[in-house]
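Novice: What follows is a single structure, and I will ask about it in a moment.
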Amino acid sequence: MHKRVVGSSMTVFGPPHLLSPQAQQFHAWKKEFSVFQQKLYFQEGQNFTNLAVKAYEVELTVLRIWELLGDILFTIDALQGQFHWEEFTGHFAKIVDLSGYVLRQDRSLIALLGEILQMAGNRCRDRLVQSRAILLLGTHPYRDGIFDSVFAARCATAKAKLEQQGIAMEQRGSSCECKFDSMSICDDHRIVSVTKQSFSQTHNQVTLRMKTAYEVRQGLSGTLINIAHSSS
C-alpha cells in the first residue's frame, strides 16, 4: 500500500486507490500543503524574506510537525513489531527540532505538541532525540484532561532508565543483541507494556507496572515503578 525508504526520512505512498480513505485524505492534504508552502516561499530551515509570510512561520511549522506525525501513523506497520519504529528516527528528530523552535517562540503551543513529544520520548530509539523530547515535555508544563506533560516526561524517563539498566546488565556477557552505545534494544528487553497499578493521594504518586517483551511473553510480573504525579 505504501512504503518507507529505509535510512531516509522520505515517505513513499502507493497508488491512491490502494490506500485507506483516511490515508487518501492525508495524501491529498500533503500535496495541497506542499503547494501552499511553495506559494508562500516557505523553505524549511531558512528564514522568511517576506514579512507577510514570516508572520505565519510558527503556524506553518506546527503544521509541518503534524505532517511528520501523519507520515509516521499512516506508514507504521504494527505487524513488524517494535523495531519498525527505528525507521522513523529521522522523522522524530525533525519533530523534536521543530518543536523546540516553536516552543521558543510561544511556550503555550505545548498544547498542540505535548502528545507528539510524548510519542517521540517513548518510541524513538535515538537516545539524544529521546532525551530532548523528554526535556521539552518536562520543561513546558501543560495539563488537559488526563494528559500531563510533566508526568508524561517522568514516565518516559523511567521507561528509558529501566531499558538502559537492562542493557547494562547484558554487557556482562550474554548473547543478547542490545547495544548500549547506539541504544539498540533487543526484542527481549524493550518495555512494551506500561499499566497503572495504583495512585496514592497521600504521597501524590502513581505506581506503574512496566514489562519487557520477554516478560510479557513469559507471563512475568515486570517491574513496579513509583512516579510522582504533578501538583494540581
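For the sequence shown, the numbering used here begins at 548 and goes up steadily by one.
By construction, the Cβ of each residue, glycine as well, lies at the ideal position given by its N, Cα and C atoms.
Taking the C-alpha atoms as reference points, what is the distance between residue 673 and residue 638?
Specialist: If you take the alpha carbons of residue 673 and residue 638, they lie about 11 Å apart.
Novice: Out of 608, 669 and 583, which has the shortest C-alpha to C-alpha gap to residue 708?
Specialist: When each option's Cα is compared against that of residue 708, the closest is 669.
Novice: Alpha carbon to alpha carbon, how far is residue 617 from residue 573?
Specialist: Rounded to the nearest angstrom, the two C-alpha atoms are 7 Å apart.
Novice: Going by CA-CA distance only, name the one from 766, 698 and 711 that's closest to residue 543.
Specialist: In the structure as shown, the chain starts at 548 and stops at 779, and residue 543 therefore has no counterpart that could be examined.
Novice: Check for me: the alpha helix (DSSP H) holding residue 629 runs from which residue to which?
Specialist: Here residue 629 belongs to no alpha helix (DSSP H), and DSSP marks it neither H nor E.
Novice: Taking 8 Å as the cut-off, does the stretch 612 to 627 touch the stretch 641 to 659 (at least 3 CB pairs, one atom from each stretch)?
Specialist: Enough Cβ pairs lie closer than 8 Å, so yes.
Novice: Since I believe residue 691 is in contact with residue 658 (beta carbons under 8 Å), could you give me their beta-carbon distance rounded to a whole number of angstroms?
Specialist: Residue 658 to residue 691, Cβ: 7 Å. Contact.
Novice: Using the rule of at least 16 other Cβ atoms within 10 Å of the residue's Cβ for burial, across every protein chain shown, is residue 768 buried or exposed?
Specialist: Residue 768 is exposed by the Cβ-count criterion.
Novice: Can you tell me where the alpha helix (DSSP H) with residue 621 in it begins and where it stops?
Specialist: Residue 621 -> no alpha helix (DSSP H), and no H or E assigned at all.
Novice: Starting from residue 773, trace the beta strand (DSSP E) in both directions and tell me its first and last residue.
Specialist: Per DSSP, residue 773 belongs to the beta strand (DSSP E) from 770 to 775.
Novice: Can you name, in chain order, every residue of its own chain whose Cβ lies under 7 Å from the Cβ of residue 771, other than the five neighbours on each side?
Specialist: Once the five neighbours on either side are set aside, the close Cβ partners of residue 771 are 744, 754 and 756.
Novice: Name, in chain order, the residues that DSSP records as bridge partners for residue 691.
Specialist: Looking at the DSSP assignment, residue 691 forms a beta bridge with 694.
Novice: Alpha carbons only, please: which of 676, 667, 624 and 684 is nearest the one belonging to residue 655?
Specialist: Ranking the options by Cα distance to residue 655, first place goes to 684.
Novice: Quick one: residues in its chain with C-beta nearer than 6 Å to the C-beta of residue 621, no 5 flanking neighbours on either side, listed in chain order?
Specialist: Cβ within range, chain order: 570 and 573.
Novice: By the 10 Å Cβ neighbour count, where 16 or more other Cβ atoms means buried, how is residue 634 classified, buried or exposed?
Specialist: Buried, because 16 or more other Cβ atoms sit within 10 Å of the Cβ of residue 634.
Novice: Excluding the 5 residues preceding and the 5 following residue 624 in the sequence, name in chain order all residues of the same chain whose CB lies nearer than 6 Å to its CB.
Specialist: Answer for residue 624: 631, listed in chain order.
Novice: In terms of residues, what are the limits of the beta strand (DSSP E) holding residue 756?
Specialist: Unbroken beta strand (DSSP E) run through residue 756: 752 to 759.
Novice: If you follow the beta strand (DSSP E) that residue 744 is part of, which residue opens it and which one closes it?
Specialist: Looking at the DSSP string, the run of the beta strand (DSSP E) that includes residue 744 is 738 to 747.
Novice: At the level of alpha carbons, what is the spacing between residue 776 and residue 741?
Specialist: Looking at the two C-alpha atoms, the distance is approximately 16 Å.
Novice: Kindly indicate which three-state DSSP category residue 671 falls into: helix, strand or coil?
Specialist: Coil, per DSSP.
Novice: Is the beta carbon of residue 704 closer than 8 Å to that of residue 676?
Specialist: No. Outside cutoff.
Novice: Kindly indicate which three-state DSSP category residue 653 falls into: helix, strand or coil?
Specialist: Residue state, collapsed to three classes: coil.
Novice: Assuming contact is defined by CB atoms lying nearer than 8 Å, are residue 679 and residue 710 in contact in what I supplied?
Specialist: No; because the gap between Cβ atoms is not below 8 Å, this pair is not in contact.
Novice: In the structure shown, what three-state DSSP assignment does residue 648 receive?
Specialist: In the structure shown, residue 648 sits in a helix (DSSP, three-state: H, G or I).
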